[in-house]
Amino acid sequence: MVSKIERNEWQQQAVEITLNDLKHFGTTVIIAPHPDDESLGCGGTIALLRQLGLPVHVIFVSDGSRSHPNSKKYPAERLRQLRETEALDALKILNVPAANASFMRLKDTAVPNQKDPGFDAAVQQMLASLRQIKPETVLVTWEKDLHHDHQSSFQILKKSVIQLEKQPRILQYLIWIWELGKQKDLPGKQSIKWFRVDIETVAALKKNAVAAHVSQVGRLIDDDPEGFILSPEILAHFDYTDELFIEATV
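Here it is, written out as structure tokens:
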């Protein structure tokens, strides 16, 4: 696990993205491997962008249907529908219109990477959305984040954006590195550019958006003891007044 002290080291190294800087983000797309990643990783930044009047679109990559695979009350299709509803509830809190959300509905835990069947089809699906939106900035999970779907989502985005007429700026947000990572998993201090966004004024909105993913933060689904839950210990990694990003190159 990456300790608070280690996170603070990256925080101190990071260049601040000010509100004035955020104004230049323009139309922004969030790539969320699962419903809830958008709120955890960059919910505060989303809220600030919306307060500045900038368009924000969210592309949810996986269907989220495997968080409670043994549940009889919530089989895969019902769970998918629930998680999409929760995602829209979270976006409403962050002031993102439902019309700006799209769901690729790739299989949870099996989002194809560049070596898998289905990867090219996923690229074409995402590319179609990006061509329609024409983003100036994209926020996506870190390419080495410690979850298969998170890494695959980055790979799909990378293959998509190189086919765009105009390349957007890409910033990566981190999710599982804070809970599962060890020091060796972090990028070298000299090899990357860290950025931070101060979200103190919208921290409550972010917290409420995370809480809107009810199936993930509590025991709404009570018939799968091994089902996933965002425990207080996990949520503590995102209870900061800033959000960290890594600049990506493609």
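Heads up, the sequence shown is in the working numbering, so the first residue is 1142 and it goes up one at a time. Built from N, CA and C at the ideal position, the CB exists for glycine as well.
Just mark residue i as buried or exposed, buried being the case when its beta carbon has 16 or more other beta carbons within 10 Å.
i       : result
Leu1298 : buried
Arg1337 : buried
Glu1218 : exposed
Gln1357 : buried
Ala1231 : buried
Arg1360 : exposed
Ile1340 : buried
Asp1367 : Residue identity check: residue 1367 is Glu in the sequence provided, not Asp. Per the 10 Å Cβ criterion, exposed.
Arg1224 : buried
Val1156 : exposed
Ala1389 : buried
Ala1269 : exposed
Glu1179 : buried
Ala1228 : buried
Pro1238 : exposed
Asp1257 : exposed
Expressed to the nearest angstrom, what Euclidean distance is found between the alpha-carbon atoms of residue i and residue j?
i       : j       : result
Ile1274 : Pro1309 : 11 angstroms
Thr1404 : Gln1313 : Lying before the first or after the last residue shown, residue 1404 is absent from the chain, which here runs from 1142 to 1391.
Ala1158 : Asn1349 : As written in the sequence, residue 1158 is Ile, which differs from the Ala given in the question. Near 23 angstroms, if we compare the C-alpha coordinates of Asn1349 and Ile1158.
Leu1371 : Tyr1381 : 16 angstroms
Trp1317 : Ile1362 : 23 angstroms
Ser1243 : Leu1271 : 11 angstroms
Pro1216 : Asp1365 : 11 angstroms
Lys1233 : Ile1200 : 15 angstroms
Lys1307 : Glu1374 : 41 angstroms
Gly1182 : Glu1320 : 13 angstroms
Counting only beta-carbon separations shorter than 8 angstroms, does residue i have a partner in chain B?
i       : result
Ser1356 : The structure shown contains no chain B; it holds only a single protein chain.
Could you have a look at residue i and say whether DSSP puts it in helix, strand or coil?
i       : result
Thr1168 : coil
Trp1151 : helix
Gln1313 : strand
Ile1158 : strand
Val1338 : strand
Ala1242 : strand
Glu1374 : helix
Asp1230 : helix
Ala1353 : coil
Phe1379 : helix
Leu1223 : helix
I'd like the list of long-range same chain contacts for residue i, defined as Cβ closer than 6 angstroms, with 5 residues on each side in sequence excluded.
i       : result
Gln1255 : Gln1296
Asn1236 : Arg1191
Asp1092 : Limits of the chain in this structure are 1142 at one end and 1391 at the other, which puts residue 1092 out of reach.
Ile1187 : Val1197 and Leu1235
Gly1185 : Ile1340, Val1343, Lys1347 and Glu1384
Gln1266 : Met1245
Excluding five sequence neighbours on each side, which residues of the same chain lie with their C-beta closer than 8 angstroms to the C-beta of residue i?
i       : result
Val1252 : Pro1174, Val1202, Ser1203, Ala1263, His1289, Asp1290, Ser1293, Ser1294 and Ile1297
Leu1193 : Leu1160, Leu1163 and Lys1164
Ser1206 : Ala1217, Glu1218, Leu1220, Arg1221, Arg1224, Lys1248 and Asp1249
Can you tell me whether residue i sits near the ligand SAM, meaning its C-beta is under 7 angstroms from at least one heavy atom of the ligand?
i       : result
Arg1219 : This structure does not include the ligand SAM; it has no bound ligands of any sort.
Tell me which same chain residues have a C-beta within less than 7 angstroms of the C-beta of residue i, skipping the five on either side of it?
i       : result
Ala1352 : Val1358
Which ranges would you report for the alpha helix (DSSP H) in the stretch 1248-1303 if only whole runs of at least 4 residues count? 1260-1274 and 1289-1302
List in chain order: all unbroken beta strand (DSSP E) runs of 3+ residues lying wholly within the stretch 1185-1210. 1197-1203
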